[in-house]
């Protein structure tokens, strides 16, 4: 009681913080609780396939009349879904593979879809200004996109309308009605010129210089009242047919790797420029971060300039030598580097993606040719130069802290998140910006999301390493009627090194054949073929950092042609009373219709049948067909075979029929026969408390097409978390689509030495007397997670315990071990000097550890200790003082962040180290540090233990706080914004 809470004054740190200039007297006279609701739920947030809600909690209530403040330290939130989805039609579509790569950045615990998920074909919509749609070079680009597997849509402004609203409505209609819906949208044309395509303008209250504030991002916002895109947007910014020819030619030769063999060093080079002279040291730190990312992912020649003079000539020289990535952070004017320097370069096809993110570099509507447009358009068809695309920022209103994180987010996406395209890289940078400032203070995030734009094709597939070549093998000729083709891909000149997940695109004239398939873990894929005419069929095989393979095979129409007749059904004779379906456990006579597709009669036809499935046994694998006249079909006398009782619904039996006539002509066909059987799956995830013995209810569903009778189950588990008391279960008969809960359930017991919320995978073998036999995984949750439980595990296996997790032996007590000599300790001062906001003379020190410390499976002998509350494992040149979420862009990897914030040593703070004489632990202490933003005192420690935790032998870590003030709220009002984001605490691996 009697607590007076004053209103926030929205002051910069330089103002008098103790003076109250603003106070709403009426609020303080009202006998009401503030806030009225401590829980705020956002409207539906949408990013293409992903639906989200943002739940915000205000953990206090204040009554200004009674002067009472209630602080809420524990809360249970229950989420109940009700009503119908607004996007029911969209939710039924196939997911997008490129967006799947982005979701984990937005959602920390996002679970990737499994490898068997069917994704939509990649698709792009080109909105074409002027007559660009008919430009022959643009048509080559469209053809290439389709050749590498894209469904390509084009529309001129005469179709879409010429306003931003009509264009967006067209994109929205395409998103809702085209199949597949576009994932990328490329605007073909500049704002102005003969290929004019308009854009949006919005200053978001921050247009201090009368800039145009242009941006294409609103074209991508098709669902939900949020910033997230439903398509990836880019602008092929050209003003003439000559521009378009140059750009299309550069993209084509870049993606195809046409001249790769003659410029291999280029694929290992990058030029990074951070000019701190006007925008501060963080521009250099940003490029040092990008440098660490590139080196971590194999770059061998990273050139970085963060000091000195001669900036423009240095940049031109790097561009001229040829670099794969060109990154600039600095001030307006790009340190003297301009369009003329790009024109003066002669880098040919050694084209970089250029990211030049600072004021006035991306004003594509306000300027005829901004610098990102110049990178894209530079050169000619015969003498290309410049870049493959440019990402830059419109307006003169940009600010360093926002520019930096977008820049770092782009490279984190392209490399660490394996995002393959230029449009995806920019989208990732914007998502990282959102994660860093999720409250969108003063609409700054809206502004920077719109002002940063890609000049280039958003579907440009980026190189990140020296390309390798493929050796792709398949039959170059198949006779008409053949319904499959086997393809194998492996690395050129490296015998046996297969290429997994390569996309194989098959294309025949006018899309008579068009589909994509992916190679398996042996580099193989079988292509199912359906067609009406003979002729050439093109095959394109693509995978990141491999030169695309292009080839073809011929469907021949000469000679004798016999194969499986696709217009007739297979005949299954399963005996008297049978259902004519190949069910598990049956012996059947299978008749496969063959057709003579040629113009010549064929005689003496014999066939043999083989299977790659272990579930098939042949009694008679041969069949006689005799003579088949031209254009006619025959069932033959059939094959006799047995299907194992344990075969599951839709099991591919891998049947191939080998056909031969009396003239030794031979043909082979695939036989499309799948099992019609039962398929039992588990539909629930049971729950059990710790230290409990109970029967667990297990519900199962028959996803097959026939009844599975008298289903029994056997539960097994070999680890320590769970003891199986009774592992026998019974469900009885289960009809197709029926869900049944066990009649006789399993009995299990759990101990007390397990973390609440642990998910334990148990194995259940379902079987019956008829021979059904299949294993499924039953996921068992042990205990409800509460605030007294540790966090984790992460994907590697780390748990984080705090001092309130008293039920667990691994939870260490707070036990401050003072090492600051000023407080009676015996530590060694690291002599770090940091005045905050990037003003430091020495903010990091490399420290040799007294023992080997394993972190995320890697052993380290050294650490880098930074004044801003973090350590990096090994040696790092980064001096990151602005904190960001971990894991993610912006800091060193790997790192341990105890209190990552902009901290100062200048007010009596110091950083110390201490090594235990018995070699049991090492202590790092930040003593009496101050935050830059609020001048709050912080004292904390990281303790590394010389111990090995199971199962991988990683070292234990303790972080403890003597003084903890998480107060860095930042300032985002008028003038230059000040970074807040409070502090970051957590760990991050080396990737």
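In the numbering used here, the protein residues as written are -10 to 980.
We put the beta carbon where it would ideally sit given N, CA and C, even for glycine.
Treat the numbers as computed from the prediction; the structure is a model and nothing was measured.
#### Entry: Whole-angstrom distance between residue 751 and residue 766, CA atom to CA atom
Along the chain shown, one-based indexing puts residue 766 at 777. Along the chain shown, one-based indexing puts residue 751 at 762. Spanning the two alpha carbons is a distance of roughly 6 Å.
query: Distance, Cα to Cα, residue 115 vs residue 68?
result: Here residue 115 corresponds to residue number 126 of the chain shown, with the count starting at 1. Here residue 68 corresponds to residue number 79 of the chain shown, with the count starting at 1. If I take the Cα positions, the gap works out to 41 Å.
| query | At what residues does the beta strand (DSSP E) containing residue 839 begin and finish? | reply | As a first step, residue 839 must be located in the chain shown, where it is residue number 850. In the DSSP assignment, residue 839 falls within the unbroken beta strand (DSSP E) covering 833 to 844.
Check your understanding: So who's on the other strand from residue 576, going by DSSP bridges?
Key -> As a working mapping, residue 576 is identified with position 587 in the chain shown. Beta-bridge pairing links residue 576 to 631.
(message) At the level of alpha carbons, what is the spacing between residue 111 and residue 140?
(response) Taking the chain shown and counting its residues from 1, the one referred to as residue 111 is at position 122. Taking the chain shown and counting its residues from 1, the one referred to as residue 140 is at position 151. Those two C-alpha atoms are separated by around 6 Å.
Going residue by residue through the stretch 158 to 188, where are the continuous alpha helix (DSSP H) segments of at least 4 residues, counting only ones entirely within it?
As summarised for the stretch 158 to 188, there are no continuous alpha helix (DSSP H) elements at least 4 residues long confined to that stretch.
- Task: Helix, strand or coil for residue 330, going by three-state DSSP, please let me know.
- Result: Here the question's residue 330 lines up with position 341 in the chain shown. Helix, per DSSP.
Local Cβ density within 10 Å of residue 146, reported as buried at 16 or more and exposed below that = Taking the chain shown and counting its residues from 1, the one referred to as residue 146 is at position 157. It counts as buried.
Checklist entry - Going by other Cβ atoms of all chains shown within 10 Å of its Cβ, with 16 needed for buried, is residue 900 buried or exposed? => result Translated into the one-based positions of the chain shown, residue 900 becomes position 911. With a threshold of 16 other beta carbon atoms within 10 Å, residue 900 meets it and is buried.
_Reference residue 66, options 775, 427, 250, closest by Cα_ = Counting from 1 along the chain shown, the entry for residue 66 is found at position 77. Answer by Cα proximity: 775.
* To do: For residue 36, collect the residues of the same chain with a Cβ closer than 6 Å to its Cβ; drop the 5 residues on either side in sequence, then sort them by chain order.
  => Along the chain shown, one-based indexing puts residue 36 at 47. Within its own chain, the residues whose Cβ lies closer than 6 Å to the Cβ of residue 36, once the five positions on either side in sequence are excluded, are 217, listed in chain order.
Give the DSSP bridge partners of residue 112, in chain order. Your numbering for residue 112 matches position 123 in the chain shown. Note: residue 112 sits in a beta bridge opposite 140.
**Prompt:** Thinking just about the alpha-carbon of each residue, which of 856, 840, 855 is nearest to the one in residue 849?
**Reply:** Here residue 849 is taken as the residue at index 860 of the chain shown, counted from 1. Of the listed residues, the one whose Cα sits closest to residue 849 is 840.
Mind checking which residues open and close the alpha helix (DSSP H) that includes residue 394? Counting from 1 along the chain shown, the entry for residue 394 is found at position 405. From DSSP, the alpha helix (DSSP H) with residue 394 extends over 389 to 400.
*Enumerate, from N- to C-terminal direction, the unbroken beta strand (DSSP E) stretches of 3 or more residues contained entirely within the stretch 650 to 733.*
Counting only runs of 3 or more, we get 655 to 660, 669 to 671, 682 to 685, 688 to 691, 697 to 705, 711 to 715, 717 to 723, 728 to 730.
Self-check item: Endpoints, beta strand (DSSP E) assigned at residue 341
Solution: Your numbering for residue 341 matches position 352 in the chain shown. Annotation: residue 341 is outside any beta strand (DSSP E) and is labelled neither H nor E by DSSP.
**Study point:** beta strand (DSSP E) segment containing residue 506, residue limits
**Key:** For the purposes of this step, residue 506 is taken as residue 517 along the chain shown, with counting starting at 1. 503 to 507 is the extent of the beta strand (DSSP E) around residue 506.
Using 8 Å as the threshold, is the stretch 684 to 701 in touch with the stretch 718 to 729, meaning 3 or more CB pairs across them? As far as the Cβ criterion goes, the stretch 684 to 701 touches the stretch 718 to 729, which means the pair count is three or higher.
Taking only the alpha-carbon atoms, compute the straight-line gap between residue 822 and residue 829 and give it to the nearest angstrom. Walking along the chain shown from the start, residue 822 turns up at place 833. Walking along the chain shown from the start, residue 829 turns up at place 840. Taking the CA atoms as reference points, residue 822 sits about 6 Å from residue 829.
Does DSSP put residue 147 in a helix, in a strand, or in coil?
Residue mapping note: residue 147 aligns to position 158 of the chain shown, counting from 1. DSSP places residue 147 in the helix class (H, G or I) of the three-state scheme.
>> Taking a contact to mean a Cβ-Cβ separation below 8 Å, would you say residue 445 touches residue 411 in this structure?
In response: By one-based count along the chain shown, residue 445 stands at place 456. By one-based count along the chain shown, residue 411 stands at place 422. Result yes, Cβ atoms of residue 445 and residue 411 sit closer than 8 Å.
ask   = So, helix, strand or coil for residue 496, using DSSP?
value = One-based indexing of the chain shown puts residue 496 at position 507. DSSP, reduced to helix, strand and coil, places residue 496 within a strand of the structure shown.
Using the three-state DSSP reduction, which class does residue 304 fall into: helix, strand or coil? Along the chain shown, one-based indexing puts residue 304 at 315. In the structure shown, residue 304 sits in a helix (DSSP, three-state: H, G or I).
Would residue 3 be called buried (16 or more neighbouring beta carbons within 10 Å of its own) or exposed?
Residue mapping note: residue 3 aligns to position 14 of the chain shown, counting from 1. Confidence at residue 3 is low in this model, with a pLDDT of 46, below 50, so its placement is unreliable and the value that follows should be read with caution. By the Cβ-count criterion, residue 3 is exposed, with fewer than 16 other Cβ atoms from all chains shown falling within 10 Å of its own Cβ.
**OP:** For my contact list, residue 610 and residue 586 are in at a C-beta cut-off of 8 Å; report their separation, rounded to the angstrom.
**Re:** Residue numbering aside, residue 610 sits at position 621 when the chain shown is read from its first letter. Residue numbering aside, residue 586 sits at position 597 when the chain shown is read from its first letter. Incorrect: roughly 24 Å between the Cβ atoms, too far for contact.
Does the distance from the C-beta atom of residue 596 to that of residue 631 stay below 8 Å? Counted from its first residue, the chain shown places residue 596 at position 607. Counted from its first residue, the chain shown places residue 631 at position 642. No.
- In chain order, which beta strand (DSSP E) runs of at least 3 residues are fully inside the stretch 204 to 286? Segments of the beta strand (DSSP E) lying fully in the stretch 204 to 286: 221 to 225, 258 to 263.
Using the rule of at least 16 other Cβ atoms within 10 Å of the residue's Cβ for burial, across every protein chain shown, is residue 423 buried or exposed? If you number the chain shown from 1, residue 423 lands on position 434. Counting Cβ neighbours within 10 Å, residue 423 comes out buried, since at least 16 surround it.
- Should the stretch 444 to 463 be regarded as contacting the stretch 495 to 508, the criterion being three or more beta carbon pairs within less than 8 Å? Contact fails: fewer than three Cβ-Cβ distances are below 8 Å.
**Study point:** 8 Å CB neighbourhood of residue 926 in its chain, flanking five on each side removed
**Key:** Walking along the chain shown from the start, residue 926 turns up at place 937. Closer than 8 Å at Cβ, skipping near neighbours: 917, 918, 919, 952, 954.
Margin query: Assuming residue 345 and residue 235 are in contact, meaning their beta carbons sit under 8 Å apart, how far apart are those beta carbons, in whole angstroms?
Written below: By 1-based counting over the chain shown, the position of residue 345 is 356. By 1-based counting over the chain shown, the position of residue 235 is 246. The C-beta separation of residue 345 from residue 235 comes to about 19 Å, leaving the pair out of contact by the 8 Å criterion.
Exercise for review: With residue 433 as the anchor, note down where its alpha helix (DSSP H) starts and where it stops.
Suggested key: Translated into positions along the chain shown, residue 433 becomes position 444. Residues 433 to 440.
**Report entry** Short CB-CB distance (under 8 Å) between residue 486 and chain B
**Finding:** Protein chains in the displayed structure number just one, and chain B is not present.
- For residue 973, does the three-state DSSP call read helix, strand or coil? As a first step, residue 973 must be located in the chain shown, where it is residue number 984. If DSSP states are grouped into helix, strand and coil, residue 973 belongs with the strands.
(message) The beta strand (DSSP E) that contains residue 951, what's its start and end?
(response) By one-based count along the chain shown, residue 951 stands at place 962. For residue 951, the enclosing beta strand (DSSP E) starts and ends at 946 to 952.
> Rounded to a whole number of angstroms, what is the C-alpha to C-alpha distance between residue 99 and residue 92?
Replying inline: To locate residue 99, count along the chain shown from 1; it is residue 110. To locate residue 92, count along the chain shown from 1; it is residue 103. Looking at the two C-alpha atoms, the distance is approximately 7 Å.
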